[in-house]
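>
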Amino acid sequence: MDLMLYSACIVALLYTIGCSEASVSEDVFGHFSDPDSGVNHTVRRFTIQNDNNFTVQLINFGATLTGLRMPDKNGVVDDVVLGFDKVESYNNALNPYFGATVGRVANRIRGGTFKLDGTTYQLFKNAGNDTLHGGKRGFSRVIWEAESRPDNNQVVMRYVSANGSEGFPGDVNAEATFTLLATGPQSSQLVITYKAATNQRTPINIVNHAYFNLAGHRSGKDGIYRHKVRINADKYTVLDNTLVPTGEIADVNSTVYDLRNTTVVGDAIKNSSSDGIDINFCIIIGTNGLYLRDTAYIVDEESGRFLELATDQPGVQFYTHNNDNDFTGKEGVVYKRHGAFCLETQNYPDAVNHDNFPNSIFEPGKLYSHTSSYVFGILTK
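Here the sequence shown stands for residues -22 to -1, 1 to 359, where the numbers follow mature numbering (1 follows the signal peptide of the UniProt record, and there is no 0).
And the structure:
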């Protein structure tokens, strides 16, 4: 199916939930000089706002979600996404992928290598001996072509990853669509859809790496520790000491990863062996009427804000921002360890090297598709 036609079908499906009037505006976020081509680019920022006082901001550098503003139970609006004020910070090698679209293969690939059709491919290693989130630049430190679609409450971005980029085979034409809908008087839905087509067999796993704090991006670990989370997963992929899957899929029973019942995030962090959670959960198969799997629910009861996540992907990485580095972010706020959480919908990490994991290889004529629904709302009680 053609990428544009597929996008239109997804939008038609999602509009059955509901839609409100929204505006899409654009301004200049900054400038970026491509280190490979030398071309100077204007980095464009898009703002989508609906009638619920809910605002999403995106830039075409890395197809990055830079801001998400919503009211709390008292009507006070705050930004619940971590990010930076400048392009230079997003392009910094130490940036932990704040809000970025990562690919062509997200998460880790062991040894930065895989074998496909008898050929061994060596990738750029950017995480010790492994490849992380696509390599040196991947999809997150490049300029995407972008257009706004106000009639659909959307921003669409496209990027072509050339054959041999970061060591991967085949050209990949990728598309990211960000759609803002309203699901009720106090709730809004951000739908992120990734699609890709290739001219050669290659692994694809495109992921959004937003960092959330429902208490507000300034609130740090104190806000995160009081969050409560529930993840609809009965298994997880076991990691070795380098954070790469061993290939074993284990039951969550009697482990810190059993989050099927609502759990205080601070308690989960405290009970973990590494002072933080960073693991791929295997989502229980089930649908919510939109062919998406009910994935996770997380809430900050003090502000009243909650997030309901659903996806068509088999896995979700729950990460509690275990980075020891401090980052000076938006409005001069210093982001510290455990000051955010990520829920990264995805295929299983290192799937290209494990036959028992869901297939990650795509070929000409087989469209890659990844849709995730983020419903943000306010508790009514």
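Just so it is clear, CB atoms sit at the ideal spot from N, CA and C, and this is done for glycine as well.
In this text the structure is predicted, and so the values were computed from the model without any measurement.
Using a Cβ-Cβ cutoff of less than 7 angstroms, which residues in the same chain neighbour I(-13) once the five nearest sequence positions on both sides are dropped?
Here residue -13 refers to the residue found at position 10 when the sequence shown is read from its first residue. Confidence at I(-13) is low in this model, with a pLDDT of 43, below 50, so the placement of that residue is unreliable and no value is reported for it.
> Have a look at the DSSP bridge pairing and note the partners of H299.
Indexing the sequence shown from 1 puts residue 299 at position 321. In the DSSP output, where bridge partners are listed per residue, H299 has none listed.
> Return the chain-ordered ranges of every beta strand (DSSP E) run that is complete within the region 77 to 141 and spans a minimum of 3 residues.
Runs found: 78 to 80, 91 to 94, 97 to 100, 123 to 127 and 132 to 139.
> Run through the region 6 to 81 for me and flag every whole beta strand (DSSP E) of 3 or more residues, listed as ranges in chain order.
18 to 28, 33 to 37, 42 to 49, 55 to 57 and 78 to 80
> Would V277 and K206 qualify as a contact pair, given that the criterion is a beta-carbon distance under 7 angstroms?
Here residue 277 refers to the residue found at position 299 when the sequence shown is read from its first residue. Here residue 206 refers to the residue found at position 228 when the sequence shown is read from its first residue. Closer than 7 angstroms, so yes.
> If you follow the beta strand (DSSP E) that residue 360 is part of, which residue opens it and which one closes it?
Beyond the ends of the chain as shown, which are -22 and 359, falls residue 360; an answer cannot be given.
> Among G61, T323 and S15, which one has its Cα closest to the Cα of G310?
Position 332 of the sequence shown, counting from 1, holds the residue named residue 310. Per the Cα distances, G61.
> Within a Cβ cutoff of 6 angstroms, which residues of the same chain sit near F335, ignoring the five residues on either side of it in sequence?
For the purposes of this step, residue 335 is taken as the residue at position 357 of the sequence shown. Cβ contact annotation for F335 (same chain, cutoff 6 angstroms, sequence separation greater than five): Y326 and A329, in chain order.
> Is K308 buried or exposed, if buried means 16 or more other CB atoms sit within 10 Å of its CB?
By 1-based counting over the sequence shown, the position of residue 308 is 330. When all chains shown are included, K308 counts as buried.
> What span of residues does the beta strand (DSSP E) with D212 cover, start to end?
Translated into positions along the sequence shown, residue 212 becomes position 234. From DSSP, the beta strand (DSSP E) with D212 extends over A211 to L217.
> Pick helix, strand or coil for S3, following the three-state DSSP scheme.
To locate residue 3, count along the sequence shown from 1; it is residue 25. Per DSSP, reduced to three states, the secondary structure at S3 is strand.
> Cβ atoms of S347 and K173: under 7 angstroms apart, would you say?
Against the sequence shown, residue 173 aligns to sequence position 195. Against the sequence shown, residue 347 aligns to sequence position 369. Yes; because the gap between Cβ atoms is below 7 angstroms, this pair is in contact.
> Please name the residue in S11, V83 and N303 whose C-alpha comes closest to that of E144.
In the sequence shown, residue 144 corresponds to position 166, counting from 1. Closest option to E144, Cα to Cα, is V83.
> Per DSSP, what are the beta-bridge partners of A288 in this structure?
Counted from its first residue, the sequence shown places residue 288 at position 310. Partner(s): D272 and S351.
> Would V185 pass as a contact of Q324 if the rule is Cβ separation under 7 angstroms?
As a first step, residue 185 must be located in the sequence shown, where it is residue number 207. As a first step, residue 324 must be located in the sequence shown, where it is residue number 346. Closer than 7 angstroms, so yes.
> With DSSP as the reference, label S165 as helix, strand or coil.
Residue numbering aside, residue 165 sits at position 187 when the sequence shown is read from its first letter. S165: strand per DSSP, three-state reduction.
> Decide if the region 222 to 229 is in contact with the region 198 to 205; the criterion is three or more beta carbon pairs, one per stretch, under 8 angstroms apart.
no
> Determine the burial state of Y297: buried for a count of at least 16 other Cβ atoms within 10 Å of its Cβ, exposed for fewer.
Here residue 297 is taken as the residue at index 319 of the sequence shown, counted from 1. Buried is the call here.
> Assuming contact is defined by CB atoms lying nearer than 7 angstroms, are S281 and A193 in contact in what I supplied?
Within the sequence shown, residue 281 is the residue found at index 303, counting from 1. Within the sequence shown, residue 193 is the residue found at index 215, counting from 1. Yes, these two residues count as a Cβ contact at 7 angstroms.
> What are the partner residues of D229, as DSSP defines its beta bridges?
Numbered from its first residue, the sequence shown carries residue 229 at position 251. Beta-bridge pairing links D229 to K213.
> Got a sec? Which residues, its chain only, sit under 6 angstroms from G254 by beta carbon, not counting five neighbours each side?
To locate residue 254, count along the sequence shown from 1; it is residue 276. The residues are I247, T298 and N300.
> State the beta-bridge partners of E280 as determined by DSSP.
By one-based count along the sequence shown, residue 280 stands at place 302. Paired residue(s): none; E280 is not in a bridge.
> In angstroms, rounded to a whole number, what distance separates the CA positions of F354 and T97?
The sequence position of residue 354 within the sequence shown is 376, counting from 1. The sequence position of residue 97 within the sequence shown is 119, counting from 1. So the alpha carbons of these two residues sit roughly 45 angstroms apart.
> What number of angstroms, rounded off, separates the C-alpha of S11 from the C-alpha of I121?
Taking the first residue of the sequence shown as 1, we reach residue 11 at position 33. Taking the first residue of the sequence shown as 1, we reach residue 121 at position 143. Their backbone Cα atoms lie some 10 angstroms apart in a straight line.
> Any heavy atom of the ligand NAD closer than 6 angstroms to the beta-carbon of R47?
As far as ligands go, the structure on display features none, and thus does not contain the ligand NAD.
> If contacts are defined as beta-carbon pairs under 8 angstroms, then R81 and N183 qualify, I think. What distance do you get, rounded to the angstrom?
Counting from one through the sequence shown, the residue named residue 81 turns up at place 103. Counting from one through the sequence shown, the residue named residue 183 turns up at place 205. For the sequence presented, residue 81 should be read as Gly rather than Arg. Right, the Cβ-Cβ distance comes to about 7 angstroms (below 8 angstroms), so this counts as a contact.
> Report all residues from its chain with a CB closer than 6 angstroms to the CB of L(-20); omit the five preceding and five following residues, and keep chain order.
Counting from 1 along the sequence shown, the entry for residue -20 is found at position 3. Here L(-20) scores only 45 on pLDDT, less than 50, and its place in the model is too uncertain to base an answer on.
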